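Peer 1:
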Amino acid sequence: MRVEERVEQGGWLGESLPPFIGLHRCGTPDFRGRARLSAGAGLEYFLQQMINGLTLGSIYGLIAIGYTMVYGIIGMINFAHGEVYMIGSFIAVIAFTLLSAAGIAAVPLGIVAVLLAAVFFTAVYGWAIERVAYRPLRGAPKIAPLISAIGMSIFLQNYVQLAQGARVKPIPPVVRGSFELLHLDGFTVRLTFIQIFIILTTVVLMIGFTYLITRTSFGRQQRSCEQDRTMASLLGVNVDRTISATFVIGAALAAVAGVMVTMYYGVVDFYIGFLAGMKAFTAAVLGGIGSLPGAMLGGLLIGLIEALFSAYFSIEYKDVASFSILILVLMFMPSGLLGRPEIEKV
Amino acid sequence: MTQGAMGMAARPAIDYAALLKDAALAAFVVFFLAFPLIGLQTYDQGGALAVRGRWDLLAYAVIIGFVGRFLFQLAMLFKPVKSTKEPSDASLARQRQIGMIIRYALLGIALTMPFLPFSDRSWLDRGINVLIYVMLGWGLNIVVGLAGLLDLGYVAFYAVGAYSYALLSLNFGLNFWVCLPLAGLFAALFGVLLGAPTLRLRGDYLAIVTLGFGEIIRVVLLNWGSLSGGPNGIASIPRMDFFGLFPFGNREGAFHTVFGIEYERTHQIIFTYFVILALALMTNWMVNRLRKLPLGRAWEALREDEIACKSLGMNPTNTKLSAFAIGAMLGGFAGSFFAAKQGFINPESFTFMESATILAIVVLGGMGSQMGVVFAAIFLVLLPEVTRDFEQSRMLLFGAAMILIMVWRPKGVISHREPTLRLNPVKGA
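For the record, the sequence lines run as chains A and B. Numbered according to this note's numbering, the first sequence spans residues 1 to 346. Numbered according to this note's numbering, the second sequence spans residues 1001 to 1429.
#1: If we count Cβ pairs, one from each stretch, closer than 8 Å, do we get three or more for the segment 1364-1374 of chain B versus the segment 1161-1168 of chain B?
#2: Would Gly1214/B and Gly1153/B qualify as a contact pair, given that the criterion is a beta-carbon distance under 7 Å?
#3: Would you give the residue range spanned by the beta strand (DSSP E) that Asp1044/B belongs to?
#4: Residues bridged to Ser178/A by DSSP?
#5: Does chain B have any CB closer than 7 Å to the CB of Glu83/A?
#6: Assuming Arg1291/B is part of the alpha helix (DSSP H), what are its boundary residues?
#7: Given a cut-off of 7 Å, decide if Gly42/A and Gly303/A are closer than it, judged by their beta-carbon atoms.
#8: Compare the Cα-Cα distances from His183/A to each of Ser335/A, Tyr45/A, Tyr125/A, Ile327/A and report the closest residue.
#9: Would you call the segment 70-86 of chain A and the segment 1037-1054 of chain B touching, i.e. three or more CB-CB distances under 8 Å?
#10: Run the proximity test for Val84/A: is its beta-carbon closer than 6 Å to any non-hydrogen atom belonging to the ligand NAD?
#11: State the DSSP-derived secondary structure class of Ile1358/B, mapped to helix, strand or coil.
#12: Measure the Cβ-Cβ separation of Trp1408/B and Asn1284/B and say whether it is below 7 Å.
#13: Please classify Glu1304/B: is it buried, with 16 or more other beta-carbons within 10 angstroms of its beta-carbon, or exposed?
#14: Please state the DSSP three-state secondary structure of Val267/A.
#15: At which residue ranges does the segment 1306-1382 of chain B contain complete alpha helix (DSSP H) runs of 4 or more residues, listed in the order of the chain?
#16: Report the residue from Glu180/A, Ser224/A, Met296/A, Ile63/A whose alpha carbon sits nearest the alpha carbon of Phe247/A.
#17: Nearest to Ala1147/B by CA position, among Ala1196/B, Leu1111/B, Ala1298/B, Gly1230/B, is which residue?
#18: Does Val237/A come out as helix, strand or coil in the three-state DSSP assignment?
#19: Beta-carbon of Asn158/A versus every beta-carbon of chain B: anything under 7 Å?
#20: Can you list, in chain order, the stretches of the alpha helix (DSSP H) that have 4 or more residues and sit fully within the segment 124-183 of chain A?
#21: Rounded to whole angstroms, what is the Cα-Cα separation between Gln164/A and Leu286/A?
#22: State yes or no: is the C-beta of Leu1049/B within less than 7 Å of the C-beta of Thr122/A?
#23: Check whether the Cβ atoms of Gly66/A and Ala283/A sit closer than 7 Å, and answer yes or no.
#24: Is Ala117/A buried or exposed, if buried means 16 or more other CB atoms sit within 10 Å of its CB?
#25: How would you call Val329/A, buried or exposed, if buried means at least 16 neighbouring beta carbons within 10 angstroms?
#26: Kindly indicate the opening and closing residues of the alpha helix (DSSP H) around Val84/A.
#27: Please list, in chain order, the residues of the segment 1190-1211 of chain B that have any C-beta partner in chain A closer than 7 Å.
#28: On a CA-only basis, which of Leu1170/B, Ser1122/B, Asp1204/B, Leu1182/B is nearest Gly1229/B? Give me that one, please.
#29: Cβ of Gly1143/B less than 7 Å from any chain A Cβ?
#30: Could you give the first and the last residue of the continuous beta strand (DSSP E) run that contains Ala1048/B?
#31: Is Phe121/A close to chain B, meaning its C-beta is less than 7 Å from at least one C-beta of that chain?
#32: When you check each C-beta in the segment 1331-1350 of chain B against every C-beta of chain A, which residues fall closer than 7 Å?
#33: Give, in chain order, every residue of the segment 1049-1082 of chain B whose Cβ lies closer than 7 Å to some Cβ of chain A.
#34: Expressed to the nearest angstrom, what Euclidean distance is found between the alpha-carbon atoms of Ala1005/B and Gly1099/B?
#35: Can you give me the start and stop residues for the alpha helix (DSSP H) that Glu306/A sits inside?
#36: Alpha helix (DSSP H) containing Arg1121/B: first to last residue?
Spelled out as structure tokens, the structure:
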């Protein structure tokens, strides 16, 4: 689908709708397929939604890791993490536009360059956010860093709006083409190249990340800070630096998610961070906050649920579905799917 | 002031080289922060996106980063040392006296405000807005300040109140004064519905759940067009009348004919002003009374130590639920007032930003402090008025103010969060 078409296509970009655009509104650009759905194509339609849901879920999972890591190490909800992801996608838009202006045609190299740029600059943002808004508040009452995080989220949103304009930023499609997996009754199950790219990148990142946390010395430091910060610092772990590194890694993963979203949907605006952040947080809670595989699993589940809910029930209420899941999970399973129950001590 | 001077004298000389190095480092970071988003700007070029450089702005950002960090560090060096001495009884009594004077002065201003020479319609409107936020702040203060529950979806109850009044008055022709308690009741009901299952959650989980609930209400209002009018909202909601006795307006049997005075358009708005003032004062009175009741004591105790409360046989969920319901009810009152004053509502008035603003009022003012809420509300409502020229950067400043105030005073600007009652007053600290 071409960008212009995509921008014009839906009422979802119109002013009458809520200003949130981004992940939430688009389980997939292929929703128009629903109109063509016939009885025989039920399975194909379901498969298509599974593919879309997995793609979306990978992105949520990558963002969710940032929430879960920060929560694990300093016990606060990094409210501004959604904005970090938004900044990542803006840098991706700018980088893609610059590349196409420079006439660089080699797509794989271009994508790598954009990824590197987005990861680097977004990581600086992640570091700076922690340094400015959270580090001075270590040891303050618990509500203080949360308020400061909300303030940071509002600040970053408006900063990007002022710096880059409030309008939706479209880029031309970077990767075209798809495999046609199944074809039945006029409904085709498509696996686009970009979906393959997103899922594969996520898998690779997850493997690398798991290695980083479980096998390297940084990972040991990170986990020790998570268990007991005071003890870790007594044993010679530089706690402040570890926390900074946690924010940098979280931001880098969010930046990758941002680049992929930009490539997938082709449009970005300054508002996408809020809802994507909320969904990713839901994913982190669903998987069990503090648990890294849990974040990924939760992300995939939220992506699938959202895609299927909007395909079979109602696209308008899919945010309600995600939030209801959040509430239900917290009510009946507060430690999530893979989390450890937290024991409160006197 | 004298303490500051003493502290300064005791300090070693300032190490300018280190300061400059630090500032240079900050400038270096700012360069990387600003380069992609300020240094490069996307713009629309014949339908496609293009990028241009704004190197002057980038340079300014870096310079501001350098100078700002330098001055900040310098200011930190000159920061007065906090006195560790326990304030004497005399100074505490004086503080309390000053507090009382300010309180009565503000009350006096609030009561006479509509009759002051400069107060025209726009000033009355501002006054009403401030009072709405004051009332919402005081309502939320029960939940956040007294019971220590972080509620990020308070605006949902405000919305419930507003839509209750709008729908009841339009569909059943009910009067504002009948709807007001009903709206409060509905909001409290929603508070119980949300609170009953979720209130056993820990602090920040509760925050997220309430945030989710606020969003759910907004999305439902947005999409349930047949009930709420969807994004277009509900228009021509009846204004409030004089205690259900007679309406305002330039006609026979209206307010001015009953009281035998000249008709003026501002009568209605002055009346509206006094209604919200009365509602706000009622809230304040309620909160002050509640603090002294066993229930209020239980809230504060729960905030300080939940485990201790449980072991003393208190039911934390029910206690929290009562705080939640009362807070929601006050939000519902404010909401129905808002609908009656505005005459038009749509989901745009009930976004997360609104919740964040109310929470900011409570927290910035100092949790649990009544006066703090008033000052924060005045500040936050009038700030946009002052900065109207740079309307766009208003929210930017708002966010920055939230961070700075938290970093500067994590406990809020004015007050501390002292329990009303203590067995043994703490020494030192």
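Here a beta-carbon is modelled for each residue, glycine too, at the ideal position from N, C-alpha and C. Note that the structure is predicted; figures quoted are calculated from it, not measured.
Peer 2: In brief:
#1: With a cut-off of 8 Å on Cβ pairs, the segment 1364-1374 of chain B is not in contact with the segment 1161-1168 of chain B, counting fewer than three such pairs.
#2: As a working note, residue 1214/B is residue 214 in the second sequence. As a working note, residue 1153/B is residue 153 in the second sequence. Yes.
#3: Along the second sequence, one-based indexing puts residue 1044/B at 44. The continuous beta strand (DSSP E) containing Asp1044/B extends over residues 1040-1045.
#4: In the first sequence, counting from the first residue as 1, residue 178/A sits at position 178. According to DSSP, Ser178/A bridges with Thr192/A.
#5: What you label residue 83/A is simply residue 83 of the first sequence in a count that begins at 1. Closer than 7 Å: no.
#6: In the second sequence, the residue the question calls residue 1291/B occupies position 291. DSSP places Arg1291/B in the uninterrupted alpha helix (DSSP H) bounded by 1266-1292.
#7: As a working mapping, residue 303/A is identified with position 303 in the first sequence. As a working mapping, residue 42/A is identified with position 42 in the first sequence. No, the Cβ-Cβ distance between Gly303/A and Gly42/A is not below 7 Å.
#8: Your numbering for residue 183/A matches position 183 in the first sequence. Nearest option by C-alpha distance: Tyr45/A.
#9: They do not touch, by the three-pair rule.
#10: The ligand NAD is not among the ligands present in this structure, which contains no ligands whatsoever.
#11: Numbered from its first residue, the second sequence carries residue 1358/B at position 358. Ile1358/B falls in the helix class under three-state DSSP.
#12: Here residue 1408/B refers to the residue found at position 408 when the second sequence is read from its first residue. Here residue 1284/B refers to the residue found at position 284 when the second sequence is read from its first residue. With respect to the 7 Å criterion, Trp1408/B and Asn1284/B are not classified as neighbours on the basis of their beta carbons.
#13: Walking along the second sequence from the start, residue 1304/B turns up at place 304. By the 16-neighbour rule on beta-carbons within 10 angstroms, Glu1304/B is exposed.
#14: For the purposes of this step, residue 267/A is taken as residue 267 along the first sequence, with counting starting at 1. Note: Val267/A maps to strand in three-state DSSP.
#15: List check, alpha helix (DSSP H) in window: 1306-1311, 1316-1342, 1352-1365.
#16: Counting from one through the first sequence, the residue named residue 247/A turns up at place 247. Residue Ile63/A is the option with its Cα nearest to Phe247/A.
#17: Here residue 1147/B is taken as the residue at index 147 of the second sequence, counted from 1. The option with the nearest alpha carbon to Ala1147/B is Ala1298/B.
#18: Locating residue 237/A in the first sequence gives position 237, where the first residue counts as 1. If DSSP states are grouped into helix, strand and coil, Val237/A belongs with coil.
#19: Position 158 of the first sequence, counting from 1, holds the residue named residue 158/A. Answer yes: the Cβ-Cβ gap between Asn158/A and chain B drops below 7 Å somewhere.
#20: Taking only runs of at least 4 residues, the alpha helix (DSSP H) segments lying wholly in the segment 124-183 of chain A are 143-164.
#21: Taking the first sequence and counting its residues from 1, the one referred to as residue 164/A is at position 164. Taking the first sequence and counting its residues from 1, the one referred to as residue 286/A is at position 286. Going by the C-alpha atoms only, they are around 34 Å apart.
#22: Reading the second sequence from its first residue, position 49 is the one you call residue 1049/B. Reading the first sequence from its first residue, position 122 is the one you call residue 122/A. In this structure, Thr122/A does not lie closer than 7 Å to Leu1049/B by Cβ.
#23: Position 66 of the first sequence, counted from the first residue, corresponds to residue 66/A. Position 283 of the first sequence, counted from the first residue, corresponds to residue 283/A. No, these two residues do not count as a Cβ contact at 7 Å.
#24: In the first sequence, the residue the question calls residue 117/A occupies position 117. Burial call: buried.
#25: Residue numbering aside, residue 329/A sits at position 329 when the first sequence is read from its first letter. Classification for Val329/A: buried.
#26: The count along the first sequence starts at 1 and reaches residue 84/A at position 84. Start and end: 81-101.
#27: Listed by position, the residues of the segment 1190-1211 of chain B near chain A (Cβ gap below 7 Å) are Pro1197, Thr1198, Leu1201, Gly1203, Asp1204, Tyr1205, Ala1207, Ile1208, Val1209.
#28: In the second sequence, counting from the first residue as 1, residue 1229/B sits at position 229. Among Leu1170/B, Ser1122/B, Asp1204/B, Leu1182/B, the Cα nearest to that of Gly1229/B is on Leu1170/B.
#29: For the purposes of this step, residue 1143/B is taken as residue 143 along the second sequence, with counting starting at 1. Reading off the sequence, residue 1143/B comes out as Val, not Gly. No, its Cβ sits nowhere closer than 7 Å to a Cβ of chain A.
#30: Here residue 1048/B refers to the residue found at position 48 of the second sequence. Bounds of the beta strand (DSSP E) holding Ala1048/B are 1048-1053.
#31: The residue labelled residue 121/A in the question sits at position 121 within the first sequence. It does; some Cβ of chain B falls within 7 Å.
#32: Going along the segment 1331-1350 of chain B in chain order, one finds no residue with a Cβ nearer than 7 Å to chain A.
#33: So the close ones are Leu1049, Ala1050, Val1051.
#34: Reading the second sequence from its first residue, position 5 is the one you call residue 1005/B. Reading the second sequence from its first residue, position 99 is the one you call residue 1099/B. Note on Ala1005/B: pLDDT 46, under 50, position unreliable in the model; no value is reported.
#35: In the first sequence, the residue the question calls residue 306/A occupies position 306. Residues 292-312.
#36: Position 121 of the second sequence, counted from the start, is the residue given in the question as residue 1121/B. If you look at Arg1121/B, you'll find it in the alpha helix (DSSP H) that goes 1121-1141.
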